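Structure first, commentary second.
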DNA sequence: ATGAAAGCGCTAACAC
DNA sequence: GTGTTAGCGCTTTCAT
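Residue numbers (our numbering), protein chains in the order written: chain R, 1 to 337; chain S, 338 to 674.
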């Protein structure tokens, strides 16, 4: 199956490659109507398909955007990716997807490779840690880069994120209505600026609402189920009556519920919970069934504005005047009953 | 930020581009040790990064694989994509992701574009319908193509899928233990071969187990929540006592539970359910809370072997002797309490 | 052992 | 209006 090239059409019609190229690219160059149509027709009948690699080499534009995320196994990022990809594809861009597993080293490799492929830009939810900040800052000088979901301290890079601090404050305000005697914060050991802001918001609002909450009430776990469960145990072992538990991410929910179930504790009778929106895929499959029994009342959830985030990120990426500032914090909704 | 090219290194060292290329690509060409090292060093200090576009143009190999799926908003496909991408990236390949929204026309556009970009292969969970079969069959003659999750009737194309028929039969066998008086099948109007096989399996096993199940008991809905709920209503309106409901995909579960809740029906007291593994992301958020109360007992779930599927698909894609047959049906597990 | 030169398919500057 | 030509950065004969 030989592919047709510009040259073939040109030769076939006795015109120059240039002419063909100009017609096919709809350039505002006047050309005799007959030739134009002949070219168009032949291109169609020969099923001409421009070689995007050649074009890319020539133009230094590939119509490829790299999307870098820390974890595709959540619900949150695929959602984001899907919306972004759809928007990009409408404009002839393809998305190259890169799952860093939240590892800085992998992130660096992906970035390197995207550069080698001359991706036209990168949309990135960066891996936790500060190691790659300057890399991105340098990149941004020569390439459109926009952060999503997770930004960095400082304001050098463009981003679209949830206003995490505000969202957490709202969440604590909601949970405060239950008059908890104590607050616990269950999070991940691996930190990043965005989730630190969650913690900060919790601190602020807990203090405002006079809910007892100190450093000892912050439990950070390794990214393993065992440790998640272990830290959950530690919370309940404190024997605080009627505690509220803030989950930095709902990923942590199932482990917590499991432990609660084993101890015969229920929501809202014995404790309450609020968390950010991503949660375990396995949720509500038979294996988690018992844990679910712990919940006797809908638990509120911080729902991040995924659609807006995706839209704003792609808008930035596709808008010609990309260089302007684009630092956006979106408001989250607290979804409850 | 000028990027270094082969030429720069060559000129700088007074050697030829050829030499540099050969050293940097580790070709088995003998070259004096000093030159080799000089080249390697300079390349490193100049942060030489091969232009993959240029290389692609020359080699007609881009180290890009297209991954085409019908729906990224499920849990199933992102899982698959993530595992595949990780494997591909280990071998220097990047994944271009394409969400067709289960539309044949979009699928065609994506395929066209991937061809124009000289993707080295395509891994595809095809959109429902038979319209693009011959396109893929033709493609497969000149490009490694492998289907995943959904295959086509006939055996012209390579694939890795769940043995859907067998899985459904197993599922019905499980549900038969509950001695249902009747069986219903809740599925989607938009059909494809893979899910037709599910229906076929259900038919066979129902007949074997003598569970009443006829054409009228098959309800197929549009891909809208309203219609999903509508069809669920129709099932309960039949007033069959103790029915079993087979869900072609667990996407359909939440609508069903919602209707059941409103009618005061519960599992296992009033009906039973079994379904394939993907389910609504919203599951178990506050808005679905009431629906969840319908379930008083773990419902069995057909769990597809995602990891194996991903592994086998990439193995095919990356193995040099790709041309051999690769028609694999994997066994699913029924996961129950 | 090393290099010169051609060429992948396209676009754009510069003629005419 | 139309064509000629150069060149994007790389790999690969084919000489030497």
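By construction, the Cβ of each residue, glycine as well, lies at the ideal position given by its N, Cα and C atoms. All figures in this text were calculated on a predicted structure; none of them were measured in a lab.
- Task: Please check the pair residue 182/R and residue 273/R, which I expect to be a contact at CB under 8 Å, by giving their CB distance rounded to whole angstroms.
- Result: Contact between residue 182/R and residue 273/R does not hold, since the beta-carbon distance rounds to 13 Å and is not under 8 Å.
- Task: Tell me the start and end of each unbroken alpha helix (DSSP H) in the segment 494-558 of chain S that is at least 4 residues and wholly inside, in chain order.
- Result: Listed in chain order, they are 501-513, 530-545.
- Query: Could one say the Cβ of residue 86/R lies closer than 9 Å to chain S's Cβ atoms, at least one of them?
  - Reply: Yes, because at least one Cβ of chain S sits closer than 9 Å to the Cβ of residue 86/R.
- residue 626/S: contacting residues in chain R (beta-carbon distance under 9 Å): Think of a sphere of 9 Å around the beta carbon of residue 626/S: the chain R residues whose beta carbon falls inside it are 295, 297, 298, 299, 337, in chain order.
- Measure the C-alpha to C-alpha separation of residue 668/S and residue 538/S and round it to an integer number of angstroms. The alpha-carbon of residue 668/S is positioned some 14 Å away from that of residue 538/S.
- Task: Could you run through the segment 443-458 of chain S and flag, in chain order, every residue whose CB is less than 9 Å away from some CB of chain R?
- Result: For the segment 443-458 of chain S, the beta-carbon criterion of a distance under 9 Å to any beta-carbon of chain R is satisfied by 443, 446, 447, 449, 450, 451, 452, 453, 454, 455.
- Item | Top-ranked residue by Cα proximity to residue 3/R, from 39/R, 24/R, 13/R, 43/R | Closest option to residue 3/R, judged by alpha-carbon separation, among 39/R, 24/R, 13/R, 43/R: 43/R.
- Item | Cross-strand partners of residue 485/S (DSSP beta bridge) | The secondary-structure analysis by DSSP pairs residue 485/S across a beta bridge with 497/S.
- Item | Element boundaries [beta strand (DSSP E), containing residue 254/R] | Where residue 254/R is concerned, there is no enclosing beta strand (DSSP E), although the alpha helix (DSSP H) around it starts and stops at 253-263.
- Message: I want to see whether chain S comes within less than 9 Å of residue 62/R, judged by CB atoms only; does it?
- Response: Closer than 9 Å: yes.
- Task: Just tell me which of 589/S, 521/S, 388/S has its CA closest to the CA of residue 572/S.
- Result: If we check each option's Cα against that of residue 572/S, 521/S comes out closest.
- Query: Using CA coordinates, which residue listed in 146/R, 55/R, 138/R is at the minimum distance from residue 122/R?
  - Reply: Between residue 122/R and the set 146/R, 55/R, 138/R, the nearest pair of CA atoms involves 146/R.
- Message: Between which residues of its own chain and residue 632/S is the CB-CB distance below 6 Å, once the five residues before and five after are set aside?
- Response: Closer than 6 Å at Cβ, skipping near neighbours: 604.
- Message: Counting only C-beta atoms, is residue 281/R closer than 9 Å to chain S at any point?
- Response: Unreliable positioning characterises residue 281/R in this predicted model, as indicated by a pLDDT of 42, which lies under 50. The coordinate reading is nonetheless provided below. At a cut-off of 9 Å between beta carbons, residue 281/R contacts chain S.
- As assigned by DSSP and simplified to three states, the class of residue 467/S: Of the three classes helix, strand and coil, the one that applies to residue 467/S here is coil, per DSSP.
- Item | Cutoff 7 Å; reference residue 21/R; Cβ partners in own chain excluding five residues on either side | Setting aside the 5 residues that flank it on each side, residue 21/R is surrounded in the same chain by 6, each with a C-beta closer than 7 Å to its C-beta; the list follows chain order.
- Task: With 9 Å as the threshold, decide whether the Cβ of residue 270/R is near any Cβ in chain S.
- Result: Residue 270/R has a beta carbon lying at 9 Å or more from every beta carbon in chain S.
- Query: So, helix, strand or coil for residue 366/S, using DSSP?
  - Reply: Coil at residue 366/S, not helix or strand.
- From what residue to what residue does the alpha helix (DSSP H) around residue 314/R run? That run of the alpha helix (DSSP H) goes 306-318.
- Residues bridged to residue 329/R (per DSSP): According to DSSP, which records beta bridges pairwise, residue 329/R is partnered with 161/R.
- Using three-state DSSP, classify residue 459/S as helix, strand or coil. In the structure shown, residue 459/S sits in a strand (DSSP, three-state: E or B).
- Taking residue 66/R as part of the alpha helix (DSSP H), name the residues at either end of that continuous run. Where residue 66/R is concerned, there is no enclosing alpha helix (DSSP H), although the beta strand (DSSP E) it sits in stretches over 64-69.
- Query: Under three-state DSSP, which class holds residue 637/S?
  - Reply: Of the three classes helix, strand and coil, the one that applies to residue 637/S here is coil, per DSSP.
- Do residue 81/R and residue 637/S come within 9 Å of each other at the CB atom, strictly closer than that value? It is not a contact, given that the beta carbons lie outside the stated cut-off.
- In or out: residue 314/R buried (at least 16 other Cβ within 10 Å) or exposed? When all chains shown are included, residue 314/R counts as buried.
- Query: Anyone know if the C-beta pair for residue 373/S and residue 488/S falls short of 9 Å?
  - Reply: No; because the gap between Cβ atoms is not below 9 Å, this pair is not in contact.
- When Cβ atoms are compared, which residues of the segment 468-496 of chain S fall closer than 9 Å to chain R? Result list: 475, 478, 479.
- Endpoints, beta strand (DSSP E) assigned at residue 434/S: First-last of the beta strand (DSSP E) with residue 434/S: 431-436.
- Of the choices 567/S, 642/S, 658/S, whose alpha-carbon is the least far from that of residue 498/S? Cα-wise, what sits closest to residue 498/S is 642/S.
- Item | Cβ of residue 415/S within 9 Å of any chain R Cβ | Closer than 9 Å to the CB of residue 415/S there is at least one CB belonging to chain R.
- Task: Apply the 10 Å Cβ neighbour rule to residue 526/S and answer buried if 16 or more other Cβ atoms are within range, or exposed otherwise.
- Result: Residue environment for residue 526/S: exposed (fewer than 16 other C-beta atoms within 10 angstroms of its C-beta).
- Item | Within-9 Å CB hit, residue 309/R to chain S | The beta-carbon of residue 309/R is placed no less than 9 Å from the nearest beta-carbon of chain S.
- Query: Where does residue 243/R fall in DSSP's three states?
  - Reply: DSSP places residue 243/R in the strand class (E or B) of the three-state scheme.
- Message: Just to confirm my understanding: we take residue 231/R, look at its own chain, exclude 5 residues before and 5 after, and list those with CB closer than 7 Å. What are they?
- Response: Shown here for residue 231/R: same chain residues with a beta carbon closer than 7 Å to its own, the five before and five after excluded, namely 186, 219, 221 in chain order.
- Could you confirm whether any beta carbon from chain S is found closer than 9 Å to the beta carbon of residue 321/R? Residue 321/R does not count as touching chain S.
- Query: Listing by chain order, which chain S residues have their CB less than 7 Å from the CB of residue 99/R?
  - Reply: Within chain S, the residues near residue 99/R are 419, 422, 423.
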